[in-house]
Ligand code: ADP
Ligand code: ZN
Ligand code: ZN
């Protein structure tokens, strides 16, 4: 027997697997081994065992080590699928399913032996110790060792869990409503579903019950959530109901915590994995259910290579394992709306209506706040204000010569951040001093245009006497900053939460009565076919945050495109109407879900090589039923010129294969050696 091993290198040039002799330690598909590769030693994953190799036996090298933890064979196969599906390499895909680095922390536990205590002479302290067993030995180790010598106790080393901290709420068992019961009956029968229900309609309760019945069948569960910091309540509710059976896999875990949670899942000690997109690779055996909460959330798309979409990977993993798939949202994606059978929760559990939404026309207005918004904010005790733009003002220009301040690395305007007193590029992180005068003509008249969260925060602080909490990437960078800020806002008797789209995600603040969206069409101005979908979701999600308590609520939407279909539909809470219109538009334009998009970006320091490489890719990327668009220039980013080719695929598989081989050929061609390539299947 021999082992076929995929070495984990990042280059695209090596493609395995390669044959190795079997080491002494047992290996199976999914074993992680250390192999000599050329002159270096690399980790590799065993992807197959075979009877023989084409290589002569004496040339087969033996792996030097086998790691104790292995990847489940199911995940090895999933990674291989992912490598093809996202035009990546097996090594890169496999690196996403590897056991995390680390080793177990052994702790000493003491437990009773079966030797009776009758007739033993024991002090009160010893009796007390014995009564408390089994327990961690801790500082009683000496006393316990003495009891061990008398045969009353055994002390042994066990892997301890470095438990991630979380705020565990009390579980509230509830009687399911008729709609919840219907949804659960459907899920029981198996298959994939979209659970469509407004915020507060009881979707999480459906997830919890579907998970409970999977556990009863002896199956495991994965629950995907957008970002743990923004959805602490969902995690807590799973922990409250299922206790230690829940493993939380989140990016802020320490290495030891992450290792322990992975191992608890791999050993079957924990049966429910909760986490953001990478939790789709959790080593859960006998998978029975995958839940995708807030399935519209953009964070499910991974921006590294492979650029996987956790929602698609979840669907594929469910298909391969026979697990049920339950994707839930108040604002589902057009793809899911068309592709999955719907389960509906039509009303909020507490019977409260969604708040009325009023659209305020900002055309011709020069101030960032409409007078009606000012009045409503002054009257509300607790409110949320969304503005999808960080900083003080979006761009600076000279009133005399027209110079605009741009990033030297990227062709985009620099944003003023007054607190740090810098101009910053939001794409590459470049920073420079705020100009006192125009360096082109010397004029002192440098104008600041537009308002971001920082400036609006300043204005609101002047105008209102409630505390203002700002939540955006500038205030949320420190670990735990987000949850702390949200907890402070939650606890405050009065306050205003202001920020970027982060403020519209899953929080549940019952005493918020007013929601405001400033510049609602900012997301519409992106040249992107998902602009409508994003705008609708943002407004509808914010509306879901307001008026959850007995005092009700209302929502104001400021926009200079009051007639845009996305804004209009959101103001009527008309999700199905919006999606029907959006699907018709996409069908006419051949956008997803009516065609698959594949995007190739070629990057180089000068424009010419990137353009030439993109032209070569475009010429070779066609396939039957595919439409190839481009090359088209993109704005310069991080000092690199960019050209993109977009393929609209009629048939997904052959189209991906054609693009992958076109890129591979171009990448190998010496003529394009200065060019970097990035392939994105299903770009967001
Ligand atoms: P969603 O996930 O759709 O926002 P939740 O599941 O969080 O909705 O439910 C909102 C609130 O209603 C929660 O406090 C939950 O405990 C409660 N709830 C859910 N289902 C029921 C039910 N059948 N009866 C009573 N309360 C319920
Ligand atoms: Zn000037
Ligand atoms: Zn830049």
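Numbering (the numbering used here), first residue to last: 1177 to 1860.
Note that CB positions come from ideal geometry on N, CA and C, so glycine has one too.
Since the model is a prediction, treat every value here as computed from it, not as a measurement.
What ranges does the alpha helix (DSSP H) occupy inside the region 1595-1627, keeping only unbroken runs of at least 4 residues that lie completely in it?
none
CB-CB length for residue 1642 against residue 1670, believed under 8 Å
4 Å
How big is the Cα-Cα spacing for residue 1838 and residue 1776?
10 Å
Mind reading off the beta-carbon distance from residue 1521 to residue 1681? Whole number of angstroms is fine, and I expect it under 8 Å.
No, residue 1521 and residue 1681 are not in contact; Cβ-Cβ is about 19 Å, not under 8 Å.
With DSSP run on the structure shown, which of helix, strand or coil describes residue 1264?
coil
Member of 1274, 1234, 1794, 1657 whose CA lies at the smallest distance from the CA of residue 1252
1274
Given residue 1271 as reference, the closest of 1222, 1726, 1238 once Cα atoms are compared
Looking at the Cα atoms, 1222 is the closest of the given residues.
Could you tell me which residues DSSP puts in a beta bridge with residue 1484?
Answer is none; residue 1484 lacks a bridge partner.
Consider the C-beta atom of residue 1356 and the heavy atoms of ligand 1; say whether any pair is separated by less than 7 Å.
Under cutoff, so the answer is yes.
Could you check what DSSP says for residue 1489 in three-state terms: helix, strand or coil?
Secondary structure at residue 1489: helix, using DSSP grouped into helix, strand and coil.
Put residue 1316 into one of helix, strand or coil per three-state DSSP.
Reduced to three states, the DSSP call for residue 1316 is helix.
I'd like the list of long-range same chain contacts for residue 1710, defined as Cβ closer than 6 Å, with 5 residues on each side in sequence excluded.
1699
Selected residue, minimal CA-CA separation from residue 1495, among 1367, 1473, 1596
1367
So residue 1328 and residue 1285 are supposed to be a Cβ contact under 8 Å. How far apart are they, rounded?
Their Cβ separation, rounded to whole angstroms, is 15 Å, which puts residue 1328 and residue 1285 out of contact at 8 Å.
I need the DSSP call for residue 1212, collapsed to helix, strand or coil.
strand
Report buried or exposed for residue 1473, applying the criterion of at least 16 other Cβ atoms within 10 angstroms of its Cβ.
buried
How big is the Cα-Cα spacing for residue 1185 and residue 1505?
38 Å
Burial state of residue 1350, where buried means 16 or more other Cβ atoms lie within 10 Å
exposed
With distance defined between alpha-carbon atoms, name the residue in 1571, 1664, 1234 nearest to residue 1623.
1571
Any non-hydrogen atom of ligand 3 closer than 7 Å to residue 1848 Cβ:
Outside the cutoff, so no.
Going by the beta-carbon positions, is the gap between residue 1450 and residue 1424 smaller than 8 Å?
Result yes, Cβ atoms of residue 1450 and residue 1424 sit closer than 8 Å.
Just to check, is the beta-carbon of residue 1606 closer than 7 Å to a non-hydrogen atom of ligand 3?
Yes - ligand 3 has a heavy atom lying nearer than 7 Å to the Cβ of residue 1606.
In the DSSP assignment, the beta strand (DSSP E) including residue 1178 goes from what residue to what residue?
1178-1183
List, from N- to C-terminal side, the alpha helix (DSSP H) runs of 4 residues or more that fit wholly inside the region 1619-1683.
1629-1639, 1657-1667
Per DSSP, which one or two residues make a beta bridge with residue 1196?
1179
Can you tell me whether residue 1348 sits near ligand 1, meaning its C-beta is under 7 Å from at least one heavy atom of the ligand?
yes
Given 7 Å as the limit, tell me if residue 1616 has its C-beta closer than that to any heavy atom belonging to ligand 2.
yes
Leaving out the 5 sequence neighbours to the left and right, which residues in its chain are closer than 6 Å to residue 1241 when beta-carbon positions are compared?
1210
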